[in-house]
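Q: The structure under discussion is supplied below as structure tokens; questions concerning it will follow.
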Amino acid sequence: MGFLVIFIQKAIGQGIGILYGALGEIMTEKSGNLNLGIPGMMYMGGIAGLIGAFLYENGTANPNGLVGLLISFVCAFVCAALGGLVYSVLTITLRANQNVTGLALTTFGVGFGNFFGGSLAKLAGGVGQISVAVTGAAYKTPIPGLSKFGVIGQIFFSYGFLTYLAVALALALAFFLAKTRRGLNLRAVGESPATADAAGINVTAYKYLATCLGGGISGLGGLYFVMEYSGGTWTNNGFGDRGWLAIALVIFALWKPVNAIWGSILFGGLYILYLYIPGLDRGAQEIFKALPYVVTIVVLVITSLRKKREYQPPQSLGLPYFREER
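Below, the structure is given as structure tokens:
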């Protein structure tokens, strides 16, 4: 039982950052924009949050964890949202290719994070000397009392607030897309922007807002890995391929935020499964780490064969919309 509890905890710990990236991409894709820059924006959010917390803690005699948490949270969200704004300007206003722009944003974001992460390490006194222990502890604080309720407490109530915020965001996004007027307008923009435009919906505004907010949400995934998962430390290229797993999770979840919750835990478990299987050589470990992508491909094949509309992406996904050509 103890082994299973630890594995579930680790799977959730791995999956929450992926969930943030997937939720941001779901919101973006519902507007018809295909943003492959999610991995880069996760790096941007992570390093921006760390810089904000670092400058606050080193500029204050007695730093407060809650203040550091708020500063880092806002910095991460705003920086990643700015990445979404750059993507929006290039693809919506300047009509650049969405795939190329997204990949360029990923390259830029990873370089942005590694550059400022290395610079911050030198400023702090060398590699591994970055310390935002007060803010990191605030992020890792579990729910008081509930985390001590045996196995149930360990599995469900032993995480920091970003874990529960991710689940709440997924539920809120699902409600927004299915039950609110603006959410239905957003889905209409993603399905047929020309029809939405004819109905009086401001297509450009919805695309901009969805992409920027989606970028900000994705950036919280990077903040999660830096603060709650790593305790307030930075490692260059430390996120690995989790940003791409977030994009794969969107397909696996069939563009449904609620599916992304349990899908992220599954992906997190598959991602670390090789650590719990003894006797694997390096090659076998890499095969096990590829399992989330294999599962995604299987799901994509099955849903394509079934051809149900609710299992398909927005019809205008990745396609530019020019009002003059309507």
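UniProt numbering puts the first residue of the sequence shown at 1, with every later residue one more than the last. The beta carbon of each residue, even a glycine, is placed where N, CA and C say it ideally should be.
#1: At 3 residues or longer, and completely inside the stretch 52-82: list those beta strand (DSSP E) runs for me, N to C.
#2: Q312 lies in the alpha helix (DSSP H); which residues open and close that run?
#3: Note down the Cα distance separating G68 from V301, rounded to an integer number of angstroms.
#4: Hey, how far is the Cα of G83 from the Cα of L105?
#5: What is the rounded straight-line gap between the Cα of A172 and the Cα of W255?
#6: Any C-beta of chain D sitting closer than 8 Å to the C-beta of L162?
#7: Out of A11, C212, L34, F225, point me to the one whose CA is closest to N97's CA.
#8: Using a Cβ-Cβ cut-off of 7 Å (strictly less than) and excluding sequence neighbours within five positions of V250, which residues of its own chain qualify?
#9: If we ignore side chains and look at the alpha-carbon of each, how far apart do Y139 and G231 end up?
#10: Expressed to the nearest angstrom, what Euclidean distance is found between the alpha-carbon atoms of V167 and I261?
#11: If you drop the 5 nearest sequence neighbours on each side, which residues of the same chain put their C-beta closer than 6 Å to that of F147?
#12: Would you check if the distance between the CB atom of G45 and the CB atom of L223 is smaller than 8 Å?
#13: Would you call the stretch 196-213 and the stretch 55-74 touching, i.e. three or more CB-CB distances under 8 Å?
#14: Looking at A174: is its Cβ nearer than 8 Å to the Cβ of N185?
#15: Let me know if V151 comes out buried or exposed under the rule of 16 or more other beta-carbons within 10 Å of its beta-carbon.
#16: Starting from L300 and walking both ways along the alpha helix (DSSP H), at which residues does that stretch end?
#17: Thinking just about the alpha-carbon of each residue, which of R187, T211, I217, T163 is nearest to the one in Y229?
#18: For A133, which residues in the same chain have their Cβ closer than 7 Å to its Cβ, ignoring the five residues on either side in sequence?
A: Well, looking at it:
#1: none
#2: Here residue 312 is taken as the residue at index 312 of the sequence shown, counted from 1. Here Q312 belongs to no alpha helix (DSSP H), and DSSP marks it neither H nor E.
#3: Looking up residue 68 in the sequence shown gives position 68. Looking up residue 301 in the sequence shown gives position 301. Distance between the alpha carbons of G68 and V301: 45 Å.
#4: Mapped onto the sequence shown, residue 83 falls at position 83. Mapped onto the sequence shown, residue 105 falls at position 105. Near 8 Å, if we compare the C-alpha coordinates of L105 and G83.
#5: Taking the sequence shown and counting its residues from 1, the one referred to as residue 172 is at position 172. Taking the sequence shown and counting its residues from 1, the one referred to as residue 255 is at position 255. Computed Cα separation, rounded: 14 Å.
#6: No chain D appears in the structure shown, which is made up of a single protein chain.
#7: Here residue 97 is taken as the residue at index 97 of the sequence shown, counted from 1. Taking only the C-alpha atoms, the option nearest N97 is L34.
#8: One-based indexing of the sequence shown puts residue 250 at position 250. Within the same chain, V250 has close Cβ partners A22, E25, I26, E29.
#9: Along the sequence shown, read from residue 1 onward, the residue named residue 139 stands at position 139. Along the sequence shown, read from residue 1 onward, the residue named residue 231 stands at position 231. Their backbone Cα atoms lie some 8 Å apart in a straight line.
#10: The count along the sequence shown starts at 1 and reaches residue 167 at position 167. The count along the sequence shown starts at 1 and reaches residue 261 at position 261. V167 and I261: Cα-Cα distance of roughly 7 Å.
#11: Taking the sequence shown and counting its residues from 1, one reaches residue 147 at position 147. Residue identity check: residue 147 is Ser in the sequence provided, not Phe. The residues are G153, F157, S158.
#12: Against the sequence shown, residue 45 aligns to sequence position 45. Against the sequence shown, residue 223 aligns to sequence position 223. Yes; because the gap between Cβ atoms is below 8 Å, this pair is in contact.
#13: no
#14: Counting from 1 along the sequence shown, the entry for residue 174 is found at position 174. Counting from 1 along the sequence shown, the entry for residue 185 is found at position 185. Not a contact, by the Cβ cut-off of 8 Å.
#15: Position 151 of the sequence shown holds residue 151. Its Cβ having fewer than 16 others within 10 Å, V151 is exposed.
#16: Here residue 300 refers to the residue found at position 300 of the sequence shown. Residues 291-306.
#17: For the purposes of this step, residue 229 is taken as the residue at position 229 of the sequence shown. It is T163 whose Cα lies nearest to the Cα of Y229.
#18: The count along the sequence shown starts at 1 and reaches residue 133 at position 133. Closer than 7 Å at the Cβ level, and outside the excluded window around A133, lie G232.
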